[in-house]
Amino acid sequence: MGQLSTVDLSDEQRELETDFSSTVIREIPHNENLLSLKYESLDYDNSENQLFMEEERRINHAAFRTVEVTRWVICGMIGILTGLVACFIDIMVEQLVGVKLQVIKSNIDKFTEKGGLSFSLLLWATLNAVIVMFGSLIVAFIEPVAAGSGIPQIKCFLNGVKIPHVVRLKTLVVKVCGVILSVVGGLAVGKEGPMIHSGAVIAAGISQGRSTSLKKDFKVFEYFRRDTEKRDFVSAGAAAGVSAAFGAPVGGVLFSLEEGASFWNQLLTWRIFFASMISTFTLNFVLSFYNRKPGDLSNPGLINFGRFDTDENSYKYFELPIFICMGAVGGMLGALFNALNNWLTMFRIRYLHRRCLQVVEAMLVAAVTGTVSFVMIYWTSDCQPLRESAGEYTLQLFCADGEYNAMASAFFATPESSVRRLFHDPAGSFNPMTLGLFTLLYFFLACWTYGLTVSAGVFIPSLLLGAAWGRLFGILLTNISNESILWADPGKYALMGAAAQLGE
2 MGQLSTVDLS
12 DEQRELETDF
22 SSTVIREIPH
32 NENLLSLKYE
42 SLDYDNSENQ
52 LFMEEERRIN
62 HAAFRTVEVT
72 RWVICGMIGI
82 LTGLVACFID
92 IMVEQLVGVK
102 LQVIKSNIDK
112 FTEKGGLSFS
122 LLLWATLNAV
132 IVMFGSLIVA
142 FIEPVAAGSG
152 IPQIKCFLNG
162 VKIPHVVRLK
172 TLVVKVCGVI
182 LSVVGGLAVG
192 KEGPMIHSGA
202 VIAAGISQGR
212 STSLKKDFKV
222 FEYFRRDTEK
232 RDFVSAGAAA
242 GVSAAFGAPV
252 GGVLFSLEEG
262 ASFWNQLLTW
272 RIFFASMIST
282 FTLNFVLSFY
292 NRKPGDLSNP
302 GLINFGRFDT
312 DENSYKYFEL
322 PIFICMGAVG
332 GMLGALFNAL
342 NNWLTMFRIR
352 YLHRRCLQVV
362 EAMLVAAVTG
372 TVSFVMIYWT
382 SDCQPLRESA
392 GEYTLQLFCA
402 DGEYNAMASA
412 FFATPESSVR
422 RLFHDPAGSF
432 NPMTLGLFTL
442 LYFFLACWTY
452 GLTVSAGVFI
462 PSLLLGAAWG
472 RLFGILLTNI
482 SNESILWADP
492 GKYALMGAAA
502 QLGE
């Protein structure tokens with residue numbers, strides 16, 4: 002009996018072990034599908050076997066020179082197309098924001114006289130929500146990898162991680178359209194960061210001579226259809242995107258070298274610098290015709306901070322401790338921003354993982370942004386005399402003739418226009434209460450916006466936020482003394498605040 006029970010027990014144990022092992026075996030392919038198959042590794046190491054060495058020896062010196070010249074031609078094409086894409090984004094944003102401004106402005110003017118401004122508030126919030134809805138829909142349902150700025154994904158690609166669809170043509174189209182709709186929809190975002198992803202997609206498509214989305218294979222650059230060659234051209238595309246966004250060819254090369262790729266060589270440096278120069282020149286040249294100033298190359302990037310007068314903005318040595326304190330403030334605000342956004346990201350992963358909910362959240366943020374903007378413009382009475390530097394994004398709301406509402410110019414304008422005004426508007430152009438409220442509200446709006454299922458960047462919101470509290474800091478320095486402090490120029494401190502905030 003004891004022996005029989007032992008045999009029965011062993012049989013039951015084997016059955017349990019068999020069921021357990023089969024369960025484990027069924028789960029392993031699922032994990033492999035999520036990790037190994039979806040995010041595979043790129044082969045950046047040359048396989049130096051006998052066939053490879055013979056092929057390299059077969060290519061004579063003349064063929065090598067042809068290949069090298071072709072590399073330079075491809076880099077030039079990358080720069081041209083990246084600059085043209087940047088021009089398209091900039092022009093479309095300016096035109097659509099202008100139309101939106103006219104619609105809301107005429108509506109507010111009409112209901113200011115007749116009463117019933119609640120309809121104007123509803124119109125503003127609805128316009129924002131509808132525009133952002135389209136931008137979020139194409140990202141959530143067509144190409145989710147186009148969400149955000151795309152910089153982390155390109156860094157992954159340049160360091161050997163192949164993320165699905167990250168350099169597809171469809172991704173580029175969704176990225177460009179999504180950026181335009183996000184900025185026009187009034188979200189606290191910028192259009193500069195996504196240019197890095199756009200340039201990388203352009204570089205990948207041109208260098209390979211084929212498109213998976215279009216199912217076209219032109220076989221024009223078949224020699225470069227290797228992971229190592231594609232990686233080098235994507236590095237050039239990322240640098241060209243930085244150059245087109247900020248008008249900084251050297252900055253583009255440094256970004257690609259220091260922040261992007263881990264594989265580099267001396268010849269690659271010059272080719273990438275060439276692509277960056279072509280990109281910013283193309284953007285500058287095309288925008289000069291768009292602005293009806295042919296040949297006036299004064300728009301090197303999507304954002305132009307304007308010219309700083311060195312005499313007025315020079316600093317004194319005793320200001321260095323003040324700048325150090327501002328840097329500490331920027332670091333603390335950045336840490337708070339990251340902590341809040343990390344908590345918000347975990348919340349989204351847990352509760353907002355469905356695509357329809359992601360679109361609804363984006364619409365909610367757009368509507369709340371429009372509502373907050375309208376309420377702040379209505380509630381504050383910071384009326385400033387109208388000047389040439391006031392710009393075109395101004396509202397006279399609740400101000401007398403010849404005056405404009407400073408809060409409206411801060412909230413309604415594009416982020417790039419607001420940054421320029423905070424840098425260059427003369428002293429007295431902003432009330433401290435206006436800047437304080439704008440800084441507080443824009444901080445939480447930018448934090449809530451970052452991570453939405455839309456194509457957008459965070460460079461310009463960070464600059465705008467830092468410029469706002471930096472200018473406020475300069476105004477407070479002037480107000481603490483009975484005498485005028487000539488060295489405490491608000492524009493200079495706005496610049497320092499923007500640099501400190503961007504360091505987050």
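Heads up: the sequence shown begins at 2 in the numbering used here, then just goes up one per residue.
Glycine residues also receive a C-beta, built at the ideal position from the N, C-alpha and C atoms.
In this text, all values refer to a predicted model and were calculated from it rather than measured experimentally.
{"Check": "Helix, strand or coil at residue 1 [DSSP, three-state]", "Outcome": "The structure shown does not extend to residue 1, since the chain spans only 2 to 505, so no value can be given for it."}
{"Check": "Between the CA atoms of residue 83 and residue 371 - distance to the nearest angstrom", "Outcome": "32 angstroms"}
{"Check": "Span separating the alpha-carbon of residue 320 from that of residue 473", "Outcome": "16 angstroms"}
{"Check": "Contact between the region 327–341 and the region 494–502 (3+ Cβ pairs under 8 angstroms)", "Outcome": "yes"}
{"Check": "Check whether residue 435 and residue 381 have beta carbons under 7 angstroms apart", "Outcome": "yes"}
{"Check": "For residue 408 and residue 119, the rounded distance between their alpha carbons", "Outcome": "19 angstroms"}
{"Check": "Distance, residue 255 Cα to residue 330 Cα", "Outcome": "27 angstroms"}
{"Check": "Backbone CA spacing between residue 211 and residue 77 [nearest angstrom]", "Outcome": "18 angstroms"}
{"Check": "Assigned secondary structure, residue 1 (DSSP; H/G/I helix, E/B strand, else coil)", "Outcome": "Examination of residue 1 is not possible in this model, given that the chain is present from 2 through 505 alone."}
{"Check": "Residue of 191, 278 and 274 minimising C-alpha distance to residue 177", "Outcome": "191"}
{"Check": "Residue 491 - containing alpha helix (DSSP H), residue span", "Outcome": "491–503"}
{"Check": "Unbroken beta strand (DSSP E) run spanning residue 433, endpoints", "Outcome": "Not the beta strand (DSSP E): residue 433 falls in the alpha helix (DSSP H), residues 433–450."}
{"Check": "Neighbourhood of residue 160 by C-beta, 6 angstroms cutoff - its chain only, sequence neighbours within 5 removed", "Outcome": "263"}
{"Check": "Spatial neighbours of residue 494 in its chain, beta-carbon cut-off 7 angstroms, leaving aside the 5 residues before and after", "Outcome": "471, 472, 474 and 475"}
{"Check": "Cβ-based neighbour list, residue 497, same chain, cut-off 6 angstroms, excluding 5 preceding and 5 following", "Outcome": "324, 327 and 471"}
{"Check": "Cβ neighbours of residue 253 in the same chain (closer than 6 angstroms, five flanking residues each side left out)", "Outcome": "240, 243, 244 and 277"}
{"Check": "Separation of residue 105 from residue 123, as counted between CA atoms", "Outcome": "10 angstroms"}
{"Check": "Delimiting residues of the beta strand (DSSP E) encompassing residue 165", "Outcome": "Neither: residue 165 is in no beta strand (DSSP E) and is coded neither H nor E."}
{"Check": "Cut-off 7 angstroms between Cβ atoms - residues of its own chain near residue 185, not counting five sequence neighbours on either side", "Outcome": "94, 97, 98, 101 and 132"}
{"Check": "Strand pairing of residue 406, partner residues [DSSP]", "Outcome": "384"}
{"Check": "CA nearest to the CA of residue 305, picked from 440, 140, 419 and 477", "Outcome": "419"}
{"Check": "Proximity test, Cβ basis, 7 angstroms: residue 328 and chain D", "Outcome": "The structure shown contains no chain D; it is built from a single protein chain."}
{"Check": "Within 7 angstroms, strictly: CB atoms of residue 195 and residue 456", "Outcome": "yes"}
{"Check": "Within 7 angstroms, strictly: CB atoms of residue 431 and residue 466", "Outcome": "no"}
{"Check": "Residue 472 (DSSP reduced to helix, strand or coil)", "Outcome": "helix"}
{"Check": "Whether residue 79 touches residue 204 by CB criterion (7 angstroms)", "Outcome": "yes"}
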